[in-house]
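Working notes for the structure below.
2 protein chains.
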Amino acid sequence: MVIDGMADRPLKELGYKTPLEAAETPNMDKLADEGICGIMDPIKPGIRAGSDTSHISILGYDPYKVYTGRGPFEAAGVGVDVLEGDIAFRCNFSTADDEGIIIDRRAGRIREGTDELADAINSITLEDDTTKIIFKESTGHRAVLVLRGEGLSDQVSAADPKYDGKKWTRVQALDDSPQATKTAGILNEVVEKSYHLLKNHPLNQERIKNGENPANIILPRGAGAVPHVQAFSEKYGLKAACIAETGLIKGIGKIVGMDIIDIEGATGGIDTNLDNIAQGILDTSYKDYEFLLINIDGADEAGHDGNARDKLEFIEKADEVVGKLSELDDFYFILTADHSTPISVKDHTGDPVPLVISGPEIRVDDVKTFNERSATNGGLCRIRGSDIMNVLMDLMNKSTKFGA
Amino acid sequence: MVIDGMADRPLKELGYKTPLEAAETPNMDKLADEGICGIMDPIKPGIRAGSDTSHISILGYDPYKVYTGRGPFEAAGVGVDVLEGDIAFRCNFSTADDEGIIIDRRAGRIREGTDELADAINSITLEDDTTKIIFKESTGHRAVLVLRGEGLSDQVSAADPKYDGKKWTRVQALDDSPQATKTAGILNEVVEKSYHLLKNHPLNQERIKNGENPANIILPRGAGAVPHVQAFSEKYGLKAACIAETGLIKGIGKIVGMDIIDIEGATGGIDTNLDNIAQGILDTSYKDYEFLLINIDGADEAGHDGNARDKLEFIEKADEVVGKLSELDDFYFILTADHSTPISVKDHTGDPVPLVISGPEIRVDDVKTFNERSATNGGLCRIRGSDIMNVLMDLMNKSTKFGA
Numbered sequence: 003m004v005i006d007g008m009a010d011r012p013l014k015e016l017g018y019k020t021p022l023e024a025a026e027t028p029n030m031d032k033l034a035d036e037g038i039c040g041i042m043d044p045i046k047p048g049i050r051a052g053s054d055t056s057h058i059s060i061l062g063y064d065p066y067k068v069y070t071g072r073g074p075f076e077a078a079g080v081g082v083d084v085l086e087g088d089i090a091f092r093c094n095f096s097t098a099d100d101e102g103i104i105i106d107r108r109a110g111r112i113r114e115g116t117d118e119l120a121d122a123i124n125s126i127t128l129e130d131d132t133t134k135i136i137f138k139e140s141t142g143h144r145a146v147l148v149l150r151g152e153g154l155s156d157q158v159s160a161a162d163p164k165y166d167g168k169k170w171t172r173v174q175a176l177d178d179s180p181q182a183t184k185t186a187g188i189l190n191e192v193v194e195k196s197y198h199l200l201k202n203h204p205l206n207q208e209r210i211k212n213g214e215n216p217a218n219i220i221l222p223r224g225a226g227a228v229p230h231v232q233a234f235s236e237k238y239g240l241k242a243a244c245i246a247e248t249g250l251i252k253g254i255g256k257i258v259g260m261d262i263i264d265i266e267g268a269t270g271g272i273d274t275n276l277d278n279i280a281q282g283i284l285d286t287s288y289k290d291y292e293f294l295l296i297n298i299d300g301a302d303e304a305g306h307d308g309n310a311r312d313k314l315e316f317i318e319k320a321d322e323v324v325g326k327l328s329e330l331d332d333f334y335f336i337l338t339a340d341h342s343t344p345i346s347v348k349d350h351t352g353d354p355v356p357l358v359i360s361g362p363e364i365r366v367d368d369v370k371t372f373n374e375r376s377a378t379n380g381g382l383c384r385i386r387g388s389d390i391m392n393v394l395m396d397l398m399n400k401s402t403k404f405g406a
Numbered sequence: 003m004v005i006d007g008m009a010d011r012p013l014k015e016l017g018y019k020t021p022l023e024a025a026e027t028p029n030m031d032k033l034a035d036e037g038i039c040g041i042m043d044p045i046k047p048g049i050r051a052g053s054d055t056s057h058i059s060i061l062g063y064d065p066y067k068v069y070t071g072r073g074p075f076e077a078a079g080v081g082v083d084v085l086e087g088d089i090a091f092r093c094n095f096s097t098a099d100d101e102g103i104i105i106d107r108r109a110g111r112i113r114e115g116t117d118e119l120a121d122a123i124n125s126i127t128l129e130d131d132t133t134k135i136i137f138k139e140s141t142g143h144r145a146v147l148v149l150r151g152e153g154l155s156d157q158v159s160a161a162d163p164k165y166d167g168k169k170w171t172r173v174q175a176l177d178d179s180p181q182a183t184k185t186a187g188i189l190n191e192v193v194e195k196s197y198h199l200l201k202n203h204p205l206n207q208e209r210i211k212n213g214e215n216p217a218n219i220i221l222p223r224g225a226g227a228v229p230h231v232q233a234f235s236e237k238y239g240l241k242a243a244c245i246a247e248t249g250l251i252k253g254i255g256k257i258v259g260m261d262i263i264d265i266e267g268a269t270g271g272i273d274t275n276l277d278n279i280a281q282g283i284l285d286t287s288y289k290d291y292e293f294l295l296i297n298i299d300g301a302d303e304a305g306h307d308g309n310a311r312d313k314l315e316f317i318e319k320a321d322e323v324v325g326k327l328s329e330l331d332d333f334y335f336i337l338t339a340d341h342s343t344p345i346s347v348k349d350h351t352g353d354p355v356p357l358v359i360s361g362p363e364i365r366v367d368d369v370k371t372f373n374e375r376s377a378t379n380g381g382l383c384r385i386r387g388s389d390i391m392n393v394l395m396d397l398m399n400k401s402t403k404f405g406a
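Sequence order for the protein chains is A and B. Each position in the first sequence, counted from 1, maps to that position plus 2 in our numbering. Each position in the second sequence, counted from 1, maps to that position plus 2 in our numbering.
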């Protein structure tokens, strides 16, 4: 169970405690008391991990090889069945004027009807008819674009100009390969055709009538080639499911071949429905899965917002989820975070995160509370994200002996 | 000094202590008190090491490069002077019938006369007269076979069918190379010829007369090419000896060029003669060696047998060996295990092992007892097997500065 961005730095306003130290977390503390603790560097000490690269590492894959960009994981996360070699992009629906100036990168934070607009995009016929477009809306103004075909590359720049009031950026090849040149050309064609298709779309005519910015152009960014990834079930021989709130983490679960369990009311924010998440974990645990990857996102959101009180309170609620899982038995429970998201920084940092493993035959240590500093006295000392699956497989007596 | 398989997991029958925690080990505790402790992953966290791969790693060689299979180390361990490129195998003397069905893989657990049978095998003339056979008996029904010549490969399957009542398995090439095909052919020829040579051997006629299964065929397995290994003395500039009980560890010592000190009465079991081992260490220490690799095996045997009491008692006896070494001075004493062999698992696991280093100018820490959990609080924190020689060389002021 990964409490996203839970770890932090000491805060003056909390008496130089971290939110996790200041929070009342009796259930996490019980895990620490009954388990073995340590600190964990998702990638290595001081490396600022993203949620994606950290989860990739924790699952035992090398993010330096597997992580080609955010696009593939987002695309998989919204349900596109990506294939190795596909080039995937995150996209915004945005508002452009006739000159191509982006008036509103988020198209008035459009929330509804983007599925209809996606249908329109999927109807685009490219000049190069060997390349297939797969476009899918995500939440709000977000969407994903996947290009499938021969001779494509992810070495292309973004169309998103990053700021309102600028013209959309023509996509450029980032290397000299014909593949990158071809892909850049296709992307520019997609962006242009999206404007022509969407500007008079009935949904946008309706939006204009209502004084809302039309979602009349799509702007790709975050190019990545879908990597070759050995299925988790094949790598470890474990039937696995993923319970996550965000498309990014669901996408990682999906790309490694896990079953994705959707939870109603899981928003990825501090307002998420933690009761449903806890119940979903329990329900899934009683099915025939041997491994569950669980990600709860709210603490990270509060960290990005720089709101210590929200973070502390969300951690206390997440602690109740931990408590509800105590009815399960004969399993290993690993509780950690994927990175620190300090209130003072409002972004991820490379500070290590606390980790606890509880379960049968553990060398239980003397640590009785679960937080960034208490865990440093634990029996695991300091390990890396990439060690976790090896340690777990070994505890489960499912590891392979190297040698005699 | 490596107490083979000493580390363990907490055991209910020992009040949730490990055998090492439950044992009275005043001499190991004194080392911990006067030294610096830590935990050590022989290879890396969670990786289940064999005794061979662990020792290779501890001596500063990369097991992923050096460890080609068990054959080369077993062969070196029984005294064959293996050369780089030799293809080495572990063998059983077994009992076959005229159809080639293996009636008894261990040939009635033959104990005597295998040297005579080995002479017969060494007399085999191969069709390919550029390949030389070197065959040597080991303990009991065990032996080693070495093929020396040009154009050989270790990518070949085993002849041993693994179960009684099955025909011996014709050796197959495991890749498409002519070398593997050639080697498989030679092995099949050796197995066939061994049967023709041994079935009417006087020793076997005698065994049959006594109602014992004859040792009338040899079955190779565990193919490995003898790796290129830089001599330990050259790598570290230290004249080194190895005091070990088992062929496997002696073989590692021999392959890295150490002098092998044989100890009378060293059985590798819990019945071994620890007095002789202690005396052997003292005697060898007063010679002009600068490094001793010591392996004591009984705790691992007790672990494989799942006998907590035997393991605990053997650790207490090993502790007395540690005590007897206190007359030595001006040296660094590193005490550790090569892996955990938990009673509950009856095999090696990837759990880390405790480690203590005592000697001059050590940053002595607060750890006062030597076991799996106390050592986690030590000044070494968590290191890897491959770090040990670097740390030792540096303490001895024999390391090379990298940079200015």
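Virtual Cβ for every residue (Gly too), placed ideally from N, Cα, C.
If you reduce the DSSP assignment to three classes, tell me which class residue i lands in.
i: A:Ser125; result: coil
i: B:Leu223; result: Here the sequence assigns Arg to residue 223 of chain B, which means Leu is not the residue at that position. Note: B:Arg223 maps to strand in three-state DSSP.
i: B:Leu284; result: helix
i: A:Glu329; result: helix
i: B:Ile345; result: coil
i: A:Ala51; result: coil
i: A:Met30; result: helix
i: B:Met3; result: coil
i: B:Ala377; result: helix
i: B:Phe404; result: coil
i: B:Gly40; result: strand
i: A:Ile112; result: coil
i: B:Glu208; result: helix
i: B:Leu196; result: According to the sequence provided, residue 196 of chain B is Ser. The question's Leu does not apply to it. Helix at B:Ser196.
i: A:Phe316; result: helix
i: A:Arg11; result: coil
By a C-beta neighbour count over all protein chains shown, 10 Å radius and 16 as the cutoff for buried, is residue i buried or exposed?
i: B:Lys32; result: buried
i: A:Glu15; result: exposed
i: B:Ala24; result: buried
i: B:Ala161; result: buried
i: B:Glu101; result: exposed
i: B:Thr1; result: In this structure chain B extends from 3 to 406, so residue 1 of chain B is not present and cannot be described.
Cα separation between residue i and residue j?
i: A:Pro362; j: A:Arg50; result: 33 Å
i: A:Asn392; j: A:Leu337; result: 16 Å
i: B:Asp331; j: B:Val323; result: 15 Å
i: B:Ala339; j: B:Gly7; result: 6 Å
i: B:Thr97; j: B:Ser196; result: 11 Å
i: A:Thr378; j: A:Asp131; result: 57 Å
i: B:Val231; j: B:Leu205; result: 39 Å
i: A:Arg108; j: A:Val4; result: 30 Å
i: B:Ala246; j: B:Tyr238; result: 20 Å
i: A:Glu26; j: B:Asp353; result: 32 Å
i: B:Glu208; j: B:Pro163; result: 26 Å
i: A:Ile103; j: A:Lys168; result: 5 Å
Residue i versus chain B: which residues are under 9 Å apart at the beta carbon?
i: A:Val366; result: Pro12, Tyr18, Arg375
i: A:Val146; result: Those do not exist, as A:Val146 stays about 35 Å from chain B at its closest Cβ, beyond 9 Å.
With hydrogens ignored, establish whether the beta-carbon of residue i is closer than 6 Å to any heavy atom of the ligand NAD.
i: A:Asn373; result: Among the components of this structure there are no ligands whatsoever, and the ligand NAD is therefore not found.
Who are the neighbours of residue i on chain A, taking C-beta pairs under 7 Å?
i: B:Thr351; result: Asp396
i: B:Val347; result: Asn399
Name the chain B residues that come within less than 8 Å of residue i, Cβ to Cβ?
i: A:Phe404; result: Ile45, Ile49, Arg50, Ala51, Gly52, Thr55, Pro65, Tyr69
i: A:Asp389; result: Lys46, Pro47, Gly48
i: A:Ile421; result: Residue numbering for chain A in the displayed model covers 3 to 406; residue 421 of chain A lies beyond these limits and cannot be assessed.
i: A:Val393; result: Pro47, Gly48, Gly352
Find the residues of chain B that neighbour residue i, judging by a C-beta separation of less than 7 Å, and give them in chain order.
i: A:Asp277; result: Correct list: empty, because the minimum Cβ distance to chain B is about 34 Å.
i: A:Gly381; result: Arg375, Thr378
i: A:Glu36; result: In chain order: nothing, as chain B lies at least about 11 Å away.
Using the beta-carbon of each residue, which ones in chain A are nearer than 8 Å to residue i?
i: B:Arg72; result: Gly405, Ala406
Exercise for the section: Please list the segments of the beta strand (DSSP E) lying wholly inside the stretch 54-103 of chain B, counting only runs of 3 or more residues, in order along the chain. Expected result: 89-98
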